[in-house]
Amino acid sequence: MNTTPRLLGPWLVLPVGVAAGVTAVVADELRLGGYLLAATIGLVAVLRAVLPASAAGALVVRSRPADVLMLAAVAVAAIALAATIKLTA
Numbered sequence: 737m738n739t740t741p742r743l744l745g746p747w748l749v750l751p752v753g754v755a756a757g758v759t760a761v762v763a764d765e766l767r768l769g770g771y772l773l774a775a776t777i778g779l780v781a782v783l784r785a786v787l788p789a790s791a792a793g794a795l796v797v798r799s800r801p802a803d804v805l806m807l808a809a810v811a812v813a814a815i816a817l818a819a820t821i822k823l824t825a
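747 is the number that my numbering gives to position 11 of the sequence shown; each next residue is one higher, with no gaps.
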């Protein structure tokens, strides 16, 4: 069993970006919040793709291709949802 603690550095991008997205939504900017969330997840996917496992820390969950593919898919889905959301009453 590996007891080496994981680095949180790159992972901290995620809660900071999510907080920015939630702040935008609270400020009544729903589409901007969705785009911020998508950009954050996309950035995390890029970080997972380019950083070695030892530096990626808590971003490492599965194999690199699986992590990057899943994060990229969620980022694309968030972009699609933010772009197509109906904002008029």
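Glycine included, every Cβ here is placed at the ideal spot set by N, Cα and C.
Burial state of A816 (16 or more Cβ within 10 Å): exposed
Reference I821, options E765, A802, R784 and A792, closest by Cα: E765
Integer-rounded CB distance, given that G753 should sit under 8 angstroms from A781: Their Cβ separation, rounded to whole angstroms, is 12 angstroms, which puts A781 and G753 out of contact at 8 angstroms.
Where R784 falls: helix, strand or coil (DSSP): helix
Same chain, Cβ closer than 8 angstroms to L779, five either side skipped, listed in chain order: V749 and G753
Selection from V761, V804 and R798 that minimises the alpha carbon distance to V786: V804
Buried or exposed by the 16-neighbour rule on C-beta atoms within 10 Å, applied to L772: buried
Length of the line joining the Cα atoms of T759 and L768: 10 angstroms
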